[in-house]
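> There's a structure below that I have some questions on.
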Amino acid sequence: MRRLGTLYRGAAADLALARRRYAADPVVGRLEALVGRARHLVYDAESRRGSVPGFFARDYWRLVRERPVLLALAWALLLGPAVLAGGWALGDPAAASGLVPGAYQSVTQPRQAGQDLGLTADEETVLSSQIFVNNIRVSFVGFAAGIAAGLGTAFVLVTNGVLLGTVFGLAIGAGNGVPLVELVFAHGVLELSCIAVTAAAGLRLGWALVDPGQARRSDAIVAQARPAVLIVLGTAPWLVLAGLVEGFITPAGLGLGPVLVIGGALGIVYWALVLWRGATPETLRD
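Mapping of the sequence shown onto the numbering used here: residues 46 to 331, in sequence order.
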């Protein structure tokens, strides 16, 4: 079993190198098919050994880090439209306000600097919960939509990026930027990270349909389905953690400074684990 794992990691490292340097070469497709078939042997054997702790301590992070291009694409599809929509909302708030659902309208109403959102504690909790539930929905829908050649995932990311940017742009223009950050930042950084990771898993499925390499499309999809689903399962506890922060930290009204520290720390811890625990011996040598 140890020998199989060593050979699998070597083949995976060769595949990563081939994707970077020889993307158009037919050998890439053959390597993808080989690694896809070998993955079942490796992970099935590990699952039979009941290595749940090993999955959460090591394998999940390696799967997240395994396809950096798709991960970067997911971030770009989410944050790119958000930045553009935010600029548009600042420049033309009258038109942009039409895109904002009624549940979020309170953060777009003009207020003097230093004022809060004008909501009761219960109303702030409801608003924060609505944002959290929306992000949960986006995480799972974005993954599932990947089966439509990745186009569904891209659509989900872009539309939610536009909504995110529009709300923040209108809030900043109305003088509500700081109160909104205090309301969502503590759990928002981790939630957006989970959205990007699960969306990248969806894009992984979609890319197997678009470019199966030398394998049949059905075989390519099956080969990518297992790691994609494992990524979603491994991300779920982090969404639960974000929910706990939203439920217990956000209502405490800690102020801007502590909220920035908590949200930033959660994001740093998550991505540090991706870089640290997701590194293979071959990656470290590179």
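Where is the CB? At the ideal position from N, CA and C, for every residue including glycine.
Being a predicted model, the structure only gives us computed values, none of them experimental.
Is the CB-CB distance between Thr153 and Leu254 below 8 Å?
Thr153 places its beta carbon 8 Å or farther from that of Leu254.
> Within 10 angstroms of the Cβ of Ser238, are there 16 or more other Cβ atoms? Answer buried if so, exposed if not.
buried
> Residue range of the alpha helix (DSSP H) that Tyr315 falls in?
Leu301 to Arg322
> Which residues in the same chain as Gly312 place their Cβ atom closer than 7 Å to its Cβ, once the five residues preceding and following it in sequence are excluded?
Val234, Leu235 and Ser238
> State the CB to CB distance for the pair Ala190 and Phe200, rounded to an integer number of angstroms; the pair is presumed to be in contact (CB under 8 Å).
7 Å
> Determine whether the Cβ of Leu60 lies closer than 8 Å to any Cβ atom of chain C.
Any reference to chain C falls outside this structure, which holds one protein chain only.
> Give the secondary structure of Ser96 by DSSP, where H, G and I count as helix, E and B as strand, and everything else as coil.
coil
> By Cβ distance, which residues of its chain are closer than 6 Å to Ser184, with the 5 residues on each side in sequence left out?
Cys239, Ile240 and Thr243
> Is Leu261 helix, strand or coil by DSSP?
The sequence as given places Arg at residue 261; Leu does not occur at that position. If DSSP states are grouped into helix, strand and coil, Arg261 belongs with coil.
> Terminal residues of the continuous alpha helix (DSSP H) containing Leu116?
Leu116 -> alpha helix (DSSP H) spans Pro113 to Gly136.
> Taking its Cβ as the centre, do 16 or more other Cβ atoms sit within 10 Å of Val73, making it buried, or is it exposed?
Around the beta carbon of Val73, a 10 Å sphere encloses 16 or more other beta carbons of the protein chains shown; the residue is thus reported as buried.
> Under a Cβ-count criterion, where at least 16 other Cβ atoms within 10 Å of its own Cβ denotes burial, should Tyr149 be classed as buried or exposed?
buried
> Using the three-state DSSP reduction, which class does Asp59 fall into: helix, strand or coil?
helix
> Less than 6 Å between C-beta atoms, sequence neighbours within five positions excluded: which residues of the same chain meet that for Ile192?
Leu250
> Comparing alpha-carbon positions, which option in Ala281, Gly247, Val267 and Tyr315 lies nearest Ala119?
Gly247
> Output the distance between the C-alpha atoms of Arg107 and Pro138, rounded to the nearest integer angstrom.
43 Å
> Within the continuous alpha helix (DSSP H) that includes Pro155, where are the two ends?
It is not in any alpha helix (DSSP H) - Pro155 carries neither H nor E in the DSSP assignment.
> Under 8 Å between the Cβ atoms of Ala219 and Pro155?
yes
> Taking three-plus beta-carbon pairs below 8 Å as touching, is the stretch 277-287 in contact with the stretch 170-184?
yes
> Got a sec? Which residues, its chain only, sit under 7 Å from Gly323 by beta carbon, not counting five neighbours each side?
Trp106, Arg107, Val109 and Arg110
> Thinking just about the alpha-carbon of each residue, which of Tyr67, Gly55, Ala57 and Arg82 is nearest to the one in Ala265?
When only C-alpha atoms are compared, the closest one is Arg82.
> Let me check understanding here. Comparing Cα to Cα, which of Gly206, Gly195 and Asn180 lies closest to Ala127?
Gly206
> Can you give me the C-alpha to C-alpha distance between Leu320 and Ala102, rounded to a whole angstrom?
The C-alpha of Leu320 lies about 13 Å from the C-alpha of Ala102.
> Leaving out five residues before and five after Trp283 in sequence, what residues of the same chain have Cβ atoms less than 7 Å from its Cβ?
Leu235, Cys239 and Tyr315
> For Leu60, is the classification buried or exposed, using 16 other Cβ atoms within 10 angstroms of its Cβ as the cut-off for buried?
That one is buried.
> Rounded to whole angstroms, what's the CA-CA distance from Leu299 to Val223? Just pull it up for me.
13 Å
> Any heavy atom of the ligand SAH within a distance shorter than 7 Å of the CB on Thr170?
Absence of the ligand SAH is noted for the structure shown, with no ligands found whatsoever.
> Start and end of the alpha helix (DSSP H) containing Ser142?
Element bounds for Ser142: n/a, residue is neither H nor E.
> Take the Cβ of Phe230 as the centre, count every other Cβ of all protein chains shown within 10 Å, and call the residue buried at 16 or more, exposed below.
buried
> Quick check on DSSP: helix, strand or coil for Asp256?
coil
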